[in-house]
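Shown next, in structure tokens, is the structure this report addresses.
In the working numbering, the protein residues as written are 703 to 826.
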């Protein structure tokens, strides 16, 4: 049960990480009035009709910078470390003595009994 919960939490983490921009936009849409009242930079300039878009762009740019600052995942392990210079040779000797035991319950072969006289239908 605990393992399933851990898997589900990990899956949600991966999904939310890939949808981070969508989450920011949904959060902006839900809390738009609060953002306009408290976080809008251009409140004193109503002619710009910002409506909190400045805050949204700021958050998106912060996330973009955070994503750019993360190291890109590259698979650059040196596999030469795992290759040995000396070949690994293991000598394995198998002791096999063939013993052939014939266990047949049939004494006569089918081919030997098939050559008896064939009965013919009566001639009328």
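All C-beta atoms in this analysis are idealised placements derived from N, C-alpha and C, irrespective of residue type, glycine included.
Since the structure is predicted, the reported quantities are computational estimates derived from the model, not experimental observations.
Go through its chain and collect everything with a Cβ distance to residue 741's Cβ below 8 Å, but skip five positions before and after it. For the purposes of this step, residue 741 is taken as residue 39 along the chain shown, with counting starting at 1. These residues qualify, in order along the chain: 754 and 757.
Mapping DSSP to helix, strand and coil, what is residue 756? Here residue 756 is taken as the residue at index 54 of the chain shown, counted from 1. DSSP places residue 756 in the helix class (H, G or I) of the three-state scheme.
Report buried or exposed for residue 732, applying the criterion of at least 16 other Cβ atoms within 10 angstroms of its Cβ. The residue given as residue 732 occupies position 30 in the chain shown. Burial is judged here by how many other beta carbons sit within 10 angstroms of a residue's own beta carbon; residue 732 has fewer than 16 and is exposed.
Count the other CB atoms, across all protein chains shown, that sit within 10 Å of the CB of residue 743; report buried if there are 16 or more and exposed otherwise. As a position in the chain shown, residue 743 is number 41, starting the count at 1. In this structure residue 743 is exposed. Its beta-carbon is surrounded by fewer than 16 other beta-carbon atoms within 10 angstroms.
Please state whether DSSP places residue 797 in a helix, a strand or coil. In the chain shown, counting from the first residue as 1, residue 797 sits at position 95. Three-state result, residue 797: coil.
Quick one: grab the DSSP three-state call for residue 766. As a first step, residue 766 is located in the chain shown; it is residue number 64 there, counting from the start. Residue 766 sits in a helix when the DSSP states are folded into three classes.
Starting from the Cα of residue 723, find the closest Cα among 704, 750, 737 and 766 and give me that residue. By one-based count along the chain shown, residue 723 stands at place 21. Of 704, 750, 737 and 766, the residue nearest in Cα terms is 766.
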